[in-house]
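This report refers to the structure that appears directly beneath it.
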Amino acid sequence: MAHPLIELERVTKLYKTVIGVNDITLTLEPGFYGLLGPNGSGKTTLINLIIGQLRPTLGCVRLFGVEPWARDYLLREVGLCPASEIHLPRVSAFTWITYLLKLMGFSGKESRHRAEQALHMVKMEQAMHRPVQEYSLGMRQRTKLAQAVAHDPQLLILDEPFNGLDPVGRHDMLHMLEQWRARGRSLIFASHLLHEVEAIRPSFLLISGGRLLASGPPQEVRRILAESPNVVRIRCADARPLAAVLVEQGQATSIKLSADHQCVEIQTRMAAELYERLPELAHRTGTLVEEIHSTDDSLKDLFTTLMRRHRGEV
Amino acid sequence: MIALRRILAVCRYELERSLTPQRIMLAAVLALFPPVMLGLVTYYSELAREGQIGAFFEFVLIFLVGIVCLLALLLWASTNVYSELEEKTWIYVACRPYGRVAMIGGKCLAAALSAFAVCFTAITLSVAIGARMNVFEDAIRSWLTLLAIFGLASLTYAAVFSMIGALFYRRAMVFSAGYVVLFELVFPNLPALISKFTVRYHLQELGLRWLGWFLPQGEQAYRDVYPAISTWIHWVALTLIIGLCLTIACVTVVYRQFLTADET
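Protein chains in written order, with my numbering: chain H, 60 to 373; chain A, 13 to 276.
As structure tokens, then:
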């Protein structure tokens, strides 16, 4: 019988008195997953539990059907791109990745070939023989990605992979991940930014305070987001009539109007209701809406709401 | 076979990246220390004028090269785990199959080879000085014997310091220095059973057998405390120490959860 990719049964991880991961139960079949949560929410701890670098204080973790703690042979099929910055004085990306491939058990020739291929894949072929300490942040990020994919694993785990990448770099990485999906491989993409995770169209795992607060397809997250308190920014030629009617209709808990009256920032308890009524209210006030933007801060509100829901307060 | 390939890969990588001007300079200073000291001491020594320099020369040579060997390994072997954590490269090694074990084995081997290279240079230059002063009856034999003893010492102490580096990775140098003081300076000089459990005792016994007594008047007093035992017991003891230290180091790194500051 085929095992799920990852199983967590009531997993808790304590760092002395601090909770890293709190009572998470989860089963992931092969696929693309976005692990979304604010900084310090337990994403890296969860990843380290999955790859057996940490031992759960309570509960059980299984990777490919086997408990990964102290069984690093399982990691043959896992590629990890950690969030932490690397310090490799006097070593080139090519030397480093060749070395890591030799550690995987490949021969010298095979390691050099694969290292070259991986660095080519992340467009580092020009700089691969230069010392890593001379690289920009984005180049180091590409190097980290190259070492994760060089041995062609089944599961790729990326922890904040867009850190330091410029728009071109992000585009290239997204393109590579699309190819990864096309090859039927699995991915866990951890980030604290919703738009980064959304770009790869994964199933979401929302984590905060060490707890798994929600999971599901993108539509589900959008629905939760819409039902949560949210800050929505609307840009139009004259936002004053729209702002007035929004207050009158009780759609906003607070409203900020910009000095030029062209932008209104609305704090709402239920964004979905606002989105539903906005066309009618705009039509009534004769407002031509040019842009609607839900700020990234909304993610904080989303997690606050999810946490309150989790505690049974909502 | 694959395990050996992994260990050699780590060893080669560590040796390659250790070829920096600072480290080469440090190695040169360490390697030159014994011959320079020996040259100065013998040049100004009364013993040289009295033609009794032989035993004294060998004694000082072993003492100085021993210090250099310990110092080199203290610097290069005991930082095995900490350097990976500091450079934030630990996770990349740890998430490779058997990567942690290969790292301990490979780094231990690299440290032993580096220390032996220093000892080799120091012994070669020192023996050359001694040969010029007619200190040795058979300089080539003494040179080869000293190389064998310090080859063995490099490997054994590399294993010991690797274990200390894995067990006490945050204060590895401090604990290693403590080990040197207790187990290499204090305990071996105690006329008690504990002195027989030190690495120095076994290396010293092998040295005495292979090189002969370099301080002849001390033999009887020494043998009263340390009766002669078979050579193979010393070999087994050193092999067991190497195996035990490396096993403890490997088990420690495999079963220890190394926390980084980046847990989120």
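Every residue, glycine too, gets a C-beta built ideally from N, C-alpha and C. What you are looking at is a predicted structure, and each value in this text was computed from that prediction instead of being measured.
*Give a yes or no on whether the C-beta atoms belonging to L361 of chain H and S287 of chain H are separated by under 8 Å.*
yes
_Under the three-state DSSP convention, the category P190 of chain H falls into_ = strand
_Does L67 of chain H come out as helix, strand or coil in the three-state DSSP assignment?_
strand
_Can you tell me whether Q206 of chain H is buried or exposed? The criterion is at least 16 other CB atoms within 10 Å of its CB, across all chains shown._
buried
*asked:* From the DSSP secondary-structure annotation, give me the bridge partner or partners of V77 of chain H.
replied: H:Y74
*Does L213 of chain H come within less than 8 Å of chain A when only Cβ atoms are used?*
The residue asked about is misnamed: residue 213 of chain H is Gln in this sequence, not Leu. So no, Q213 of chain H is outside the interface.
*asked:* By the 8 Å beta-carbon criterion, what residues does the segment 99-132 of chain H contribute toward chain A?
replied: G99, S100, G101, K102, T103, T104, N107, I110, Q112, L113, R114, A129, D131, Y132
*Taking the alpha helix (DSSP H) that A122 of chain A falls in, what are its first and last residues?*
111-144
*asked:* Between which residues of its own chain and E275 of chain A is the CB-CB distance below 6 Å, once the five residues before and five after are set aside?
replied: Confidence at E275 of chain A is low in this model, with a pLDDT of 49, below 50, so the placement of that residue should be treated as unreliable; the coordinate-derived value is given next. Once the five neighbours on either side are set aside, E275 of chain A has no close Cβ partner at all.
*When the Cβ atoms of the segment 106-118 of chain H are set against those of the segment 262-273 of chain H, are three or more pairs found closer than 8 Å?*
no
*Using the DSSP secondary-structure output, state which residues sit across from S274 of chain H in a beta bridge.*
H:L264
*Ranges of the beta strand (DSSP E) found wholly within the segment 136-200 of chain H, counting only runs of at least 3*: 137-140
*From A:R18, A:R268, A:R144, pick the residue whose C-alpha is nearest to that of L179 of chain A; which is it?*
A:R268
*With 8 Å set as the bound, which would you pick, yes or no: does the beta-carbon of E193 of chain H sit closer than that to a beta-carbon of chain A?*
no
*Within the 8 Å Cβ cut-off, does P109 of chain A reach chain H?*
yes
*Give a yes or no on whether 8 Å exceeds the smallest Cβ distance from V208 of chain H to chain A.*
no
*For K72 of chain H, does the count of other Cβ atoms within 10 angstroms reach 16, so buried, or fall short, so exposed?*
buried
_8 Å Cβ cutoff met for G177 of chain A and A106 of chain A_ = no
*Nearest to E28 of chain A by alpha carbon, out of H:R130, H:S151, H:P97, H:Y132?*
H:S151
*Taking Cβ positions only, does E275 of chain A come closer than 8 Å to chain H?*
Caution applies to E275 of chain A, whose pLDDT of 49 falls short of 50 and renders its modelled position unreliable; the model cannot decide the point.
*Looking at the C-beta of G164 of chain H, does it have a partner C-beta in chain A at a distance below 8 Å?*
yes
*Name the chain H residues whose beta carbon is nearer than 9 Å to that of V105 of chain A?*
L159, L162
*Using a C-beta to C-beta distance shorter than 7 Å, which residues of chain H count as neighbours of Y25 of chain A?*
Y158
*If the cut is a Cβ gap below 8 Å, which residues of chain H does Y267 of chain A touch?*
A129
_Please report whether the beta-carbon of V290 of chain H lies at a distance below 8 Å from any beta-carbon of chain A._
no
*Please report the residue range of the alpha helix (DSSP H) in which N92 of chain A lies.*
92-98
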